[in-house]
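This report concerns only the one structure given below.
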Amino acid sequence: MTKTFAESGFSGRLIAVEGLDGSGKSTQIYLLKRWLETQGLKVFFSEWNSSELVKSATSKGKKRELLTPSTFSLIHATDFADRYERQLVPLLRAGYLVLCDRYIFTAFGRDVVRGCAPEWVRGIYNFALLPDLTFFFKADLAVSLQRILDGRPQLKYFEAGMDLHLSTDPYESFRIFQGRILEQYLSMSTEFNFHIMDANQPIEAQQSVVRELVSSKLQLSHFAADVTHARPMLAP
Amino acid sequence: MQKPAKTSPRKAAGKSLRNRIVVPLRTARSFFGHGVPNVDLDKLAGRLIVVEGADGSGRSTQISRLVSWLETSGHATVQVGLKRSSLVSEELDQAKRGNILSRSTWSLFYATDFADQLENSILPSLRAGFIVLADRYIYTLMARDLVRGTDMGWLKNLYGMALVPDAVFYLSVSPETLVQRNFAKDFALDYWESGMDLGLSRDMFDSFLKYQALMAKQFQKLQSTYGFNIIDGERSSDEIYAELQQGIETVLATKAG
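So the sequence lines, in the order shown, correspond to chains R and P.
If you count the first sequence from 1, position 206 lands on 206 in the numbering used here, and the numbers rise without skipping.
If you count the second sequence from 1, position 24 lands on 1024 in the numbering used here, and the numbers rise without skipping.
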């Protein structure tokens, strides 16, 4: 069993949010970040699928709709590895609070729904340590779908899971695809110690729960960006 | 049904030119591990033949001779190689120039490139009954990573997506000969083929020799696991070609499994 960053002796801590598109997880992690920053803590935010180098390949593949389940999986793993090794790990060594909008569980869910073998996907990501805290935002499927469909009438090919040929109607395809991902999330919830959030609650209510949990689980004062700590301490 | 040619390879090549075209028999196919989804292995009628070896081992020369021979013998042939996918090859080049990727990222980037070619080129070609000649395969990718300290178990899982080839020929050439051949061609050694990123030596010549020796050692290890044919690449181009032809003729005429 893979360890968390705390269990592996890192001075930093990693907090991840997971959930379906439209579950409100990005809003919640943004609000958490603002709160931590105003306390003067060392915070770094990282988003799924955002490494500069890999981005151009990913967007090319998506635009031309030429990704297969395996290349879809591997290109996201490459993106993750790049961010993980070049940013996350060094920052976690340096005692940062790293906030991740999606982590390896996104791959575990999506890639498996796309037909990749679960052991294969997990094996690929086994270089990554586990988050110290993972929030899973669980909204009714209908609520998530409504949020996505309200804000963004045009669904993208891979986002809607059109490559799975579940339905020729993008909306129907999206519904089935997201439903399957939700099943995957729920099935790994216990194994990976997810804190399940009721994402049907008002934003403020959820954020109070998030902040409470973060401050009870982590000793936040340890992450202060106090410049004096950067200098050698004088003997008492 | 056809039987393996008993005549010498070159004569056999001439004979197949004059006479009938050998129709490859179906082979029992498998992936190394979990494979890739949505593939019907029984439908892969073609043949996958891999030529492995370092730069300067004579790979490309042999492959172009083999292509021309196979096509003349009536086999539709397609060539694949590393870093040729339309998906990530540009980005890989860019990253290589800057040497900016960390270990797992490199591995996964190359694996993505491989998967793209596997699914968009190798598998469709095999489905269409082509002979696929692969200018290097997962073995080079694994050896490079192994030399750099990547875990074998992790690599085995990753490349468990790959299809088991019908035959693998490894052109074995000593580092000393490789140096001479690379100089004879370009008067220069390649940064990556010299393993300069490993810091084995600041002297490129020295680093090349050390790196290629390390690679050869990993290939030996991989050979004991995967059992490919080792071809003595120190001999003349014609001799190597004759041996490869013979090997391939056997593949085309044999029913495996």
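No residue lacks a Cβ here, since even glycine has one placed at the ideal position from N, Cα and C.
The model shown is predicted, which means the values in this text are computed figures rather than measured ones.
Inset, instruction - Given a cut-off of 8 Å, decide if Ala16(R) and Thr134(R) are closer than it, judged by their beta-carbon atoms. - result: yes
Inset, instruction - Taking only beta-carbon positions, decide if Asn49(R) is within less than 8 Å of chain P. - result: no
Inset, instruction - Give a yes or no on whether the minimum CB-CB distance between Val54(R) and chain P is below 8 Å. - result: yes
Legend entry - chain R contact residues for Met1161(P), given Cβ-Cβ distances below 8 Å: Ser70 and Trp120
Legend entry - Proximal residues of chain P, C-beta to C-beta of Thr78(R) below 7 Å: Thr1105, Leu1108, Phe1109 and Thr1112
Inset, instruction - May I ask you to list the residues that DSSP assigns as paired with Lys138(R)? - result: Asp198(R)
Legend entry - Rounded Cβ spacing between Gly22(R) and Ala224(R) (contact assumed at less than 8 Å): Gly22(R) to Ala224(R), Cβ: 35 Å. No contact.
Inset, instruction - Please report the residue range of the alpha helix (DSSP H) in which Glu1176(P) lies. - result: Pro1175 to Asp1186
Inset, instruction - Compare the C-beta of Asn1157(P) against all C-beta atoms of chain R and say whether one is closer than 8 Å. - result: yes
Inset, instruction - Report the residues of the segment 156-179 of chain R with a CB closer than 7 Å to any CB of chain P, ordered along the chain. - result: none
Legend entry - Local Cβ density within 10 Å of Pro131(R), reported as buried at 16 or more and exposed below that: buried
Inset, instruction - Out of Ala1111(P), Leu1133(P), Ser1174(P) and Phe1183(P), point me to the one whose CA is closest to Ile1248(P)'s CA. - result: Leu1133(P)
Legend entry - Selected residue, minimal CA-CA separation from Leu145(R), among Gly19(R), Ser8(R), Arg13(R) and Gly9(R): Gly19(R)
Inset, instruction - Report the residue from Phe192(R), Val89(R), Arg180(R) and Phe136(R) whose alpha carbon sits nearest the alpha carbon of Val210(R). - result: Phe136(R)
Legend entry - Residue-level contact to chain R via CB, Pro1165(P), 8 Å cutoff: no
Legend entry - Every unbroken alpha helix (DSSP H) inside the segment 1058-1125 of chain P [4 residues or more]: 1059-1072, 1089-1098 and 1103-1117
Inset, instruction - Kindly provide the ranges of any beta strand (DSSP E) runs that are 3 or more residues long and lie completely inside the segment 32-85 of chain R, ordered along the chain. - result: 43-47
Inset, instruction - Let me know if Ala1184(P) comes out buried or exposed under the rule of 16 or more other beta-carbons within 10 Å of its beta-carbon. - result: exposed
Legend entry - Ile1138(P) - DSSP class collapsed to helix/strand/coil: helix
Inset, instruction - Step through the CB atoms of chain R and report whether any lies within less than 8 Å of the CB of Ser1121(P). - result: no
Inset, instruction - Could you list the residues in the segment 80-93 of chain R with a C-beta less than 8 Å from some C-beta on chain P, going in chain order? - result: Ala81, Asp82, Tyr84, Glu85 and Arg86
Legend entry - Neighbourhood of Ile29(R) by C-beta, 6 Å cutoff - its chain only, sequence neighbours within 5 removed: Val17, Leu99 and Asp101
Legend entry - Cut-off 6 Å between Cβ atoms - residues of its own chain near Leu1146(P), not counting five sequence neighbours on either side: Gln1218
Inset, instruction - Please check if any C-beta of chain P sits within less than 8 Å of the C-beta of Gly123(R). - result: yes
Inset, instruction - Using a Cβ-Cβ cut-off of 8 Å, state whether Asn1038(P) counts as contacting chain R. - result: yes
Legend entry - C-alpha distance - Val1080(P) paired with Ile1063(P), whole-angstrom precision: 10 Å
Inset, instruction - Using DSSP bridges, identify the partner residues of Asp1208(P). - result: A small fix is needed here, since residue 1208(P) is Phe in this sequence, not Asp. None, per the DSSP bridge assignment.
Legend entry - Chain-order list of residues whose beta-carbon lies under 8 Å from that of Ser189(R) (same chain, five-residue window excluded): Phe136 and Ile196
Inset, instruction - Specify the secondary structure class of Leu130(R) as computed by DSSP and reduced to three states. - result: strand
Legend entry - Distance between Leu66(R) and Arg1065(P) (C-alpha atoms, nearest Å): 32 Å
Inset, instruction - Just the chain R side, please: which residues come within less than 7 Å of Asp1116(P) by C-beta, in chain order? - result: Thr71
Inset, instruction - Say whether chain R places a C-beta atom closer than 8 Å to the C-beta of Leu1087(P). - result: yes
Inset, instruction - Please state if the CB of Ser187(R) and the CB of Gly95(R) are separated by a distance shorter than 8 Å. - result: no
Legend entry - Given Val1168(P) as reference, the closest of Pro1175(P), Tyr1191(P) and Ile1138(P) once Cα atoms are compared: Ile1138(P)
Inset, instruction - Go to Asp101(R), then tell me how far its beta strand (DSSP E) extends in each direction, as first and last residue. - result: Leu97 to Asp101
Legend entry - Phe1114(P) versus Trp35(R): straight-line alpha-carbon distance, rounded: 44 Å
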